[in-house]
Structure formats: structure tokens, C-alpha cells
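Asks:
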Amino acid sequence: VVGLLQRAPWAGLGSLLGRPAVADALMLSLLVSVVAAAVILVLGTPLAWVLARVDIPGRRLLRALVVLPMVLPPVVGGTALLFALGRRGLVGQWLDAWFGLTLPFTTAGAVVAATFVALPFYVVTVEGALRSGDDHLEQMADTLGARPLTVLRRITLPRLLPAIGAGLALAWARAFGEFGATITFAGNLPGRTQTLPLATFLALETDPEAALALSLV
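Sequential numbering of the sequence shown, starting at 1, is according to UniProt numbering.
(1) Measure the C-alpha to C-alpha separation of Gly-58 and Leu-157 and round it to an integer number of angstroms.
(2) Are at least three pairs of beta-carbons, each pair with one atom in the stretch 123-130 and one in the stretch 36-49, less than 8 Å apart?
(3) Does the distance from the CB of Gly-89 to the CB of Thr-182 come in under 8 Å?
(4) Can you grab the Cα-Cα spacing for the pair Leu-119 / Ala-166, in whole Å?
(5) Taking the straight line between their C-alpha atoms, what separation do you get for Val-112 and Ala-36?
(6) Can the beta-carbon of Ala-199 be found closer than 8 Å to that of Ala-25?
(7) Mind checking Thr-115: buried by the 16 CB within 10 Å criterion, or exposed?
(8) Are Phe-185 and Gly-109 closer than 8 Å when you measure CB to CB?
(9) Which one of Pro-208, Met-140, Val-117 and Leu-65 has the shortest CA to CA distance from Pro-74?
(10) Once DSSP output is grouped into helix, strand and coil, what is the label at Ile-56?
(11) Would you mind reading off the limits of the alpha helix (DSSP H) that contains Pro-162?
(12) Am I right that Leu-28 and Gln-194 are in contact with their C-beta atoms under 8 Å? What's the rounded C-beta distance?
(13) For Trp-98, is the classification buried or exposed, using 16 other Cβ atoms within 10 angstroms of its Cβ as the cut-off for buried?
(14) So, does the CB of Gly-177 fall closer than 8 Å to a CB anywhere in chain B?
(15) How about Pro-104 and Leu-82: do their beta carbons lie closer than 8 Å?
(16) Assuming contact is defined by CB atoms lying nearer than 8 Å, are Phe-121 and Leu-68 in contact in what I supplied?
(17) Roughly how many angstroms lie between the CA atoms of Val-66 and Val-91, to the nearest whole one?
(18) Considering only C-alpha positions, which residue in the set Ser-215, Ala-203 and Ala-163 is nearest to Leu-41?
(19) Measure the beta-carbon distance from Phe-197 to Glu-178 and round it to whole angstroms, keeping in mind my assumption that it falls under 8 Å.
(20) Would you decide whether Leu-161 is buried or exposed? Buried here means 16 or more other CB atoms lie within 10 Å of its CB.
(21) Does Phe-179 come out as helix, strand or coil in the three-state DSSP assignment?
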């Protein structure tokens, strides 16, 4: 960070960041990361609940699969997505045949890549909160005849809100900064898949001053 601040072109920073390509990359990064965070919230919350509270066969294997993107090199993750969701992939061929849906090298593909790498950060955070939290209030409410949905809405979710907020912030930050899986699965197409990290990488080869400016965003 000190090196970036020292070498940053402060005099021309405004003009560099005001370029249309930079604005497009920034807006696309915000779009991709926000949509990915929303998907993660919807998918990750019940997944964390299952891992923490539901005793199902293969739960350890499921947890290992969920956290795998945290230790997998992002480029390898992008390659896996390409072979799974590409037009000739295991799932992608059916998406294309049945719905005409193609994910690679699209904005939706960038969202999928960001979701893939960021989901574990949210699930691990919320699962940890569910495991460490005292569930005696939930048990008492259940004993007194409260419906499961009421217990979830009135007791469980309010107690989980700090963990949900922290996990969502971590997941959003990871999605915003995603590079390897995105460039492998979605490509580096300006206006479609070129997020801010990809624009920074491209600028590093052609315009180092612009790359420094982008790195400060």
C-alpha cells in the first residue's frame, strides 16, 4: 500500500479515473459484486443452517465442497466452472439446450465466478455463529408451542444479524476483488466482463500510471 501511495500519479489522478473505460469497469464491478452478494445471501444462509444444525449423511463432504474455493487457486476454479458450465460442460450443455442459456464470457458468468469464490466466506462466518450461539431460547420457544417459522423470524435471525452482516461484507469484498476465476470463466471483455481488477491488469501492461490509479480505487 505504501508503494502504491508513493508511486501514484496524484497530479493526473482525476483525469485517469475519469476515463469512460474506468467508469465502466467500476460500475460493472459494483454490479457483479452486489448481485453476487445477493445470491450468496439467498443460497448461503440455508446452506450454513444445514451445515450447523442439520445432521445429514455426507455433511462433512458437503462442508469440504463449500470451503474448497477458499483453498483452490482462482484460475483452477475458473477452469472448473468452464468445464462444468461451458456450452459443452457437464451442466452447461443442458442449460444451452433447454433454456438457450450461455454463461461463459457474459456478465452473468462474471457473477457466477464471483459467487463461486466468495460464497465460502459467508457460509463459514454464519455457520460459525450458528454453532457457537446458545440455542436455549429456540428450544424454550419450541417447547412453548411456537411455530418453527416464528422461532426463525423472532429469535434466530435477529441473533444472526451481526454474523450475516460480517459474512456478507467479507463475501462482497472478495467478489469485488475477484480476478482469476473471472478472467478464466468470463473473459476480459470491456463493458461485459471487464471488472476493475481485470482493467487494472490490462492497464499494467499498457499504461502503468492508469494501473496505479485503478489500484487505489
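Think of the CB as a built atom: it goes at the ideal place given N, C-alpha and C, for glycine as much as any other residue.
Replies: According to the structure shown:
(1) By 1-based counting over the sequence shown, the position of residue 58 is 58. By 1-based counting over the sequence shown, the position of residue 157 is 157. Cα-Cα distance, rounded: 26 Å.
(2) Verdict: yes, contact present.
(3) Position 89 of the sequence shown, counted from the first residue, corresponds to residue 89. Position 182 of the sequence shown, counted from the first residue, corresponds to residue 182. No, these two residues do not count as a Cβ contact at 8 Å.
(4) Counting from one through the sequence shown, the residue named residue 119 turns up at place 119. Counting from one through the sequence shown, the residue named residue 166 turns up at place 166. In a straight line, the C-alpha of Leu-119 is about 13 Å away from that of Ala-166.
(5) As a position in the sequence shown, residue 112 is number 112, starting the count at 1. As a position in the sequence shown, residue 36 is number 36, starting the count at 1. Val-112 and Ala-36: Cα-Cα distance of roughly 7 Å.
(6) Counting from 1 along the sequence shown, the entry for residue 199 is found at position 199. Counting from 1 along the sequence shown, the entry for residue 25 is found at position 25. Result yes, Cβ atoms of Ala-199 and Ala-25 sit closer than 8 Å.
(7) What you label residue 115 is simply residue 115 of the sequence shown in a count that begins at 1. Thr-115 comes out buried.
(8) Working through the sequence shown from its first residue, we reach residue 185 at position 185. Working through the sequence shown from its first residue, we reach residue 109 at position 109. It is a contact, given that the beta carbons lie within the stated cut-off.
(9) Residue 74 sits at position 74 when you count from the first residue of the sequence shown. Per the Cα distances, Val-117.
(10) The residue you call residue 56 lines up with position 56 of the sequence shown. Three-state DSSP puts Ile-56 in coil, outside helix and strand.
(11) Reading the sequence shown from its first residue, position 162 is the one you call residue 162. Per DSSP, Pro-162 is one residue of the alpha helix (DSSP H) stretching across 157-176.
(12) Along the sequence shown, one-based indexing puts residue 28 at 28. Along the sequence shown, one-based indexing puts residue 194 at 194. Yes, Leu-28 and Gln-194 are in contact; Cβ-Cβ is about 7 Å, under 8 Å.
(13) Taking the first residue of the sequence shown as 1, we reach residue 98 at position 98. Classification for Trp-98: exposed.
(14) Going by chain labels, chain B is absent from the structure shown, which holds only one protein chain.
(15) Along the sequence shown, one-based indexing puts residue 104 at 104. Along the sequence shown, one-based indexing puts residue 82 at 82. Between Pro-104 and Leu-82, the gap from beta carbon to beta carbon is short of 8 Å.
(16) Taking the first residue of the sequence shown as position 1, residue 121 is located at position 121. Taking the first residue of the sequence shown as position 1, residue 68 is located at position 68. No. Outside cutoff.
(17) Position 66 of the sequence shown holds residue 66. Position 91 of the sequence shown holds residue 91. Each residue's alpha carbon lies about 18 Å from the other.
(18) Reading the sequence shown from its first residue, position 41 is the one you call residue 41. Considering only alpha carbons, the answer is Ala-163.
(19) Looking up residue 197 in the sequence shown gives position 197. Looking up residue 178 in the sequence shown gives position 178. The sequence as given places Pro at residue 197; Phe does not occur at that position. Indeed, because the Cβ distance is near 7 Å, the residues count as touching under 8 Å.
(20) Taking the sequence shown and counting its residues from 1, the one referred to as residue 161 is at position 161. Result: exposed.
(21) As a position in the sequence shown, residue 179 is number 179, starting the count at 1. Under the three-state reduction of DSSP, Phe-179 is assigned to coil, being neither helix nor strand.
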